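Protein chains in written order, with this note's numbering: chain A, 1 to 317; chain B, 318 to 648.
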C-alpha cells in the first residue's frame, strides 16, 4: 500500500509536471477523474443531478461516473461503491452520504490520499469534505409557506405530508414550513403533520385520513415528489378542492400544475447541484478556496412560469 | 459423469462431483479476476482487493446460513431482515442498556438462534411451507427491527471495541502489507467451521439426509422435526453473526436495511453449485459463489460500466452459472 501511495504521488507529480510543461491546463483536465457516489440512481431527481454533472464534465473536460444504491436504506452498498470509486484513484470525489458516520473511515482514507471530497445534496458530519453543494431546504420550505399563505388568504387550516421525520431534508422542509407559518401568519393553523415515507400510495391514504378528519382544511403541502403526488391523488379521489403545494417536479406534478389541480411547487436545482459539484471538485483539485456550503438554489414554479426557459431547465420529467 | 448414484449414496457421490463443481466455480472466479485485471489497472490493487473481501463478508456469512437450509431442500427468506434485527438487538443491549461488549455479541447470536428456532418450529411442527414461513418471518423481523429501534439507526459510539469486529485488521497487525479486515477473517473461520460441521458431524449428516429423502429418514426412526428445528436454529445463529458484522462495519444498526439481502445470499449458494431441490451442496462452493458476485459487482464498477448495465450483466451471469452447472450435471 505504501508503495502504491508512492507510485500515485509520483504519477500525480508527473502528470502535474507534464501539464505545466507543455499543454497547459486542458491536458491536465483531461486526466481528471471524478466519480460521484450518490444516494440513489433510479429516481428522476438523481438522474437530473447526473445530467448536470455530465454537462459540467463536458464543459470542464473531465471524466466522471455517477452511481448510487437501489434504495436509500442500502448504507453498506453505498460504502462498497465509495470504496470501489476510491480504488480507481480519482482526482476528486463527490459523495452524497446516506449515513455520514458509516462513511468516515473511507473518507479519512480519501483525505490521507489527498483526494478532495465534495459533499452534495446533504452534508457529511465531518470536516473532511472541502465543501457541500446543497439546497437550503429550510428557506425553500419557507417560500412554500409564504405561497400557501398568499393562496389561502392568510387564514385557515393547513396540513403537511412529509416523507420522513429522520432525514435531514424531511426535518428541514417540515421545520422550514412550520416555523415560517408560526412566525409570520398567526391566523393559519397547522392541523396535522403526517409522514408517508415518500411513498405515493401511503401518502394518498394518509391525506385521505387528514381530509376526512378536517372538513375545513384549506391547503396541504407535500414535502417531496412522492408525498405531493399522494396529496393530489387523495384530493382527486375525495373530490375536494384544496390548495396543494408540492416539491421537486416530475411528469405528474407538471401535469397537475398545468391543469390547475396543484397550485405550484418548489423546485430544487438538481441539474445545478450536479454541475456545481463537479465544478467545485475541479476548483478543489486546482487548490482554489471554496466556501463551506454552496447553495445550489431553489425556485417557486407554477402555471405562469413553468415554461420560462430558466425554470423549464431545472424541472425534470 | 458416471455417478448417477447421488440418490443412494448422497455423501460419497457428492464428494467426487464436488471436486469438479468447485473447479468450475473456481475457474469462473479466476477468469473474472483475470478479465477485470486486464480491463482496468485499478482492479488488482491491495486496496481494491481488500474492498472486495470486505464487501463479501456479510453476504458470505448469510450464504453459509442459507447453504444449510437449502441443502435440506428448504429455503430461508428471512436471513436479510434477521441480520438487521440482530444488529438492532446488539444496539439495544450495548447502546441503550450499556451492557458489556460480549453481552451484545451474545445477544445478537441468541436472537438469531431464537428466530431460527421459531422458523424451524413453524416449518416442522405447524407444517407451514418454508417459503411461506420464512417470508412471514422476514416481514415480522423487518417490522420488529423498525419498532424496537424507533425507526432510527442505533450508533455504537459508546463501545469503540464494537467496530473492531469488522473494521480493524488482526492480520494487518501481524503483516502490515496485508490489511485484511477482521470481518473477512471471521468469514473464513466460519466457512471452515461450517464445512466441518456439514461434513463431519451428525448435524451435517441429517442436513444432507433431509434434503435427499426426508421420508426415508423419518421411517428409519429419526426425529425429523427436531433436526429440522435444530438446522434452522443453527442457520439463525449464523445470521446473528452477520448482524454483528454489518453493524460493526457501519458502526450502527440500520433498521431499514436488510430486505433484498436474502436474494444475494441465495444467489451465492446457487452459483456455488448447491441445488435448490436439496441434498447436495458445499460451503466452499457457496464462498466461491459469494466472491463471484462481489468480484463481478466491483469489477464492473471499476470498469465504470453504466449502472443499469451492471445489473443486467450480474443477472445474466447468475443464469449462466447455473445453466453451466446443469449442463455439467446432465452429462
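The beta carbon of each residue, even a glycine, is placed where N, CA and C say it ideally should be.
As the structure is a computational prediction, the values presented were derived from the model and not from experiment.
Exercise for the section: Could you name the residues of the same chain whose beta carbon sits closer than 8 Å to that of residue 111 (chain A), not counting the 5 residues immediately before and after it, in chain order? Expected result: For residue 111 (chain A), where only same-chain residues beyond five positions count, the Cβ hits under 8 Å are 117 and 128.
Problem - Check: residue 415 (chain B) C-beta below 7 Å from any heavy atom of the ligand HEM - result: With respect to the ligand HEM, the structure shown offers nothing to examine, as it has no ligands at all.
Practice task
Determine whether the Cβ of residue 80 (chain A) lies closer than 8 Å to any Cβ atom of chain B.
Solution key: Yes - at least one Cβ of chain B is within 8 Å of the one on residue 80 (chain A).
Practice task
Please go through the same chain and pick out, in chain order, the residues whose beta-carbon is closer than 6 Å to the beta-carbon of residue 620 (chain B), but skip the five residues on each side of it.
Solution key: Excluding residues within five positions, the ones whose Cβ falls inside 6 Å are 356 and 357.
Practice task
Check whether the Cβ atoms of residue 350 (chain B) and residue 622 (chain B) sit closer than 8 Å, and answer yes or no.
Solution key: If you check the CB distance, residue 350 (chain B) and residue 622 (chain B) do not come in under 8 Å.
Practice task
Could you pull the start and end residues of the beta strand (DSSP E) that residue 245 (chain A) belongs to?
Solution key: Residues 243-247.
Practice task
To the nearest angstrom, report how far apart residue 360 (chain B) and residue 431 (chain B) are at their CA atoms.
Solution key: Residue 360 (chain B) and residue 431 (chain B): Cα-Cα distance of roughly 41 Å.
Exercise for the section: Measure from the C-beta of residue 472 (chain B) to each C-beta in chain A and report whether the shortest distance is under 8 Å. Expected result: The beta-carbon of residue 472 (chain B) is placed less than 8 Å from the nearest beta-carbon of chain A.
Practice task
Could you pull the start and end residues of the alpha helix (DSSP H) that residue 418 (chain B) belongs to?
Solution key: Residues 418-441.
Exercise for the section: Decide if the region 394-411 of chain B is in contact with the region 553-573 of chain B; the criterion is three or more beta carbon pairs, one per stretch, under 8 Å apart. Expected result: Short answer: they touch.
Exercise for the section: Determine the contact status of residue 596 (chain B) and residue 505 (chain B), defining contact as a CB-CB distance below 8 Å. Expected result: Taking C-beta atoms as the reference points, residue 596 (chain B) and residue 505 (chain B) fail to come closer than 8 Å.
Handout entry: Counted within 10 angstroms of its Cβ, other Cβ atoms place residue 98 (chain A) as buried (16 or more) or exposed
Key = Classification of residue 98 (chain A): buried, given that the 10 Å Cβ count is 16 or more.
Practice task
Taking only beta-carbon positions, decide if residue 32 (chain A) is within less than 8 Å of chain B.
Solution key: Not one chain B Cβ lies under 8 Å of residue 32 (chain A).
Exercise for the section: Starting from the Cα of residue 397 (chain B), find the closest Cα among B:409, B:642, B:381 and B:416 and give me that residue. Expected result: The candidate whose alpha carbon is nearest that of residue 397 (chain B) is B:381.
Practice task
Less than 8 Å between the CB atoms is what I'm expecting for residue 600 (chain B) and residue 515 (chain B), so what's the real figure, rounded?
Solution key: Yes, residue 600 (chain B) and residue 515 (chain B) are in contact; Cβ-Cβ is about 6 Å, under 8 Å.
Problem - Members of the region 567-585 of chain B near chain A, C-beta cut-off 7 Å - result: Of all residues in the region 567-585 of chain B, 567, 568, 569, 571, 573 and 574 have a Cβ within less than 7 Å of some Cβ in chain A.
Practice task
Round the Cβ separation of residue 260 (chain A) and residue 218 (chain A) to the nearest angstrom and send it over; I've been treating them as touching at under 8 Å.
Solution key: Residue 218 (chain A) and residue 260 (chain A) do not touch by the CB rule: their CB atoms are close to 16 Å apart, not below 8 Å.
Practice task
Within its chain, find whatever has a CB closer than 7 Å to the CB of residue 461 (chain B); leave out the 5 residues flanking it on each side and keep chain order.
Solution key: Counting only Cβ-Cβ distances below 7 Å, and skipping sequence neighbours, we find 402.
Practice task
Compute the beta-carbon to beta-carbon distance between residue 280 (chain A) and residue 133 (chain A), rounded to the nearest angstrom, for a pair I have assumed lies under 8 Å.
Solution key: About 6 Å; that satisfies the 8 Å criterion.
Problem - Local Cβ density within 10 Å of residue 154 (chain A), reported as buried at 16 or more and exposed below that - result: It counts as exposed.
Practice task
Compare the C-beta of residue 76 (chain A) against all C-beta atoms of chain B and say whether one is closer than 8 Å.
Solution key: Residue 76 (chain A) counts as touching chain B.
Exercise for the section: Report the residue from A:228, A:46 and A:269 whose alpha carbon sits nearest the alpha carbon of residue 257 (chain A). Expected result: In terms of CA proximity to residue 257 (chain A), A:228 leads the group A:228, A:46 and A:269.
Problem - Which listed residue (A:291, A:76 and A:226) has its alpha carbon closest to that of residue 45 (chain A) - result: When the alpha-carbon of residue 45 (chain A) is set against those of A:291, A:76 and A:226, the nearest one is in A:226.
Handout entry: Inter-residue Cα distance where the pair is residue 486 (chain B) and residue 247 (chain A)
Key = Rounded to whole angstroms, residue 486 (chain B) to residue 247 (chain A) spans 46 Å at the Cα level.
Problem - Where residue 199 (chain A) sits in the DSSP three-state scheme - result: Residue state, collapsed to three classes: coil.
Handout entry: Minimum length 4: unbroken alpha helix (DSSP H) runs contained in the region 617-648 of chain B
Key = The region 617-648 of chain B contains these whole alpha helix (DSSP H) runs: 624-647.
Problem - Among B:498, B:630 and B:578, nearest to residue 489 (chain B) - alpha-carbon criterion - result: Nearest option by C-alpha distance: B:498.
Handout entry: Pairwise C-alpha distance: residue 372 (chain B) and residue 589 (chain B)
Key = Going from the Cα of residue 589 (chain B) to the Cα of residue 372 (chain B) covers about 18 Å.
Problem - Own chain residues within Cβ distance below 7 Å of residue 21 (chain A), not counting five before or after - result: Only weak support exists for where residue 21 (chain A) lies, its pLDDT of 34 falling under 50; the value from the coordinates is given anyway. Excluding positions up to five away in sequence, the list is empty.
Exercise for the section: Please go through the same chain and pick out, in chain order, the residues whose beta-carbon is closer than 8 Å to the beta-carbon of residue 630 (chain B), but skip the five residues on each side of it. Expected result: Within its own chain, the residues whose Cβ lies closer than 8 Å to the Cβ of residue 630 (chain B), once the five positions on either side in sequence are excluded, are 613, 617 and 622, listed in chain order.
Exercise for the section: Consider the Cβ of residue 329 (chain B): report whether some Cβ of chain A lies at a distance smaller than 8 Å. Expected result: For residue 329 (chain B), the pLDDT reaches just 46, beneath the cut-off of 50, and the residue's location in the model is therefore unreliable, although a value from the coordinates is still provided. Chain A, which has no Cβ nearer than 8 Å to the Cβ of residue 329 (chain B), makes this no.
Practice task
Identify whether residue 160 (chain A) lies in helix, strand or coil by the three-state DSSP scheme.
Solution key: Secondary structure at residue 160 (chain A): strand, using DSSP grouped into helix, strand and coil.
Handout entry: Contact residues within the region 361-376 of chain B, judged by C-beta distance below 8 Å to chain A
Key = The residues in question are 362, 363, 364, 365, 368, 371, 372 and 375.
Problem - Runs of alpha helix (DSSP H) wholly within the region 514-598 of chain B (minimum 4 residues, chain order) - result: For the alpha helix (DSSP H) assignment, the uninterrupted runs of no fewer than 4 residues enclosed by the region 514-598 of chain B are, from N- to C-terminal side, 519-536, 541-567 and 578-588.
Problem - Cβ-based neighbour list, residue 571 (chain B), same chain, cut-off 6 Å, excluding 5 preceding and 5 following - result: Residues of the same chain with a CB within less than 6 Å of the CB of residue 571 (chain B), apart from the 5 flanking positions on each side, are 470 in chain order.
Exercise for the section: Pull up the distance between the alpha-carbon of residue 105 (chain A) and that of residue 482 (chain B), whole angstroms please. Expected result: About 14 Å.
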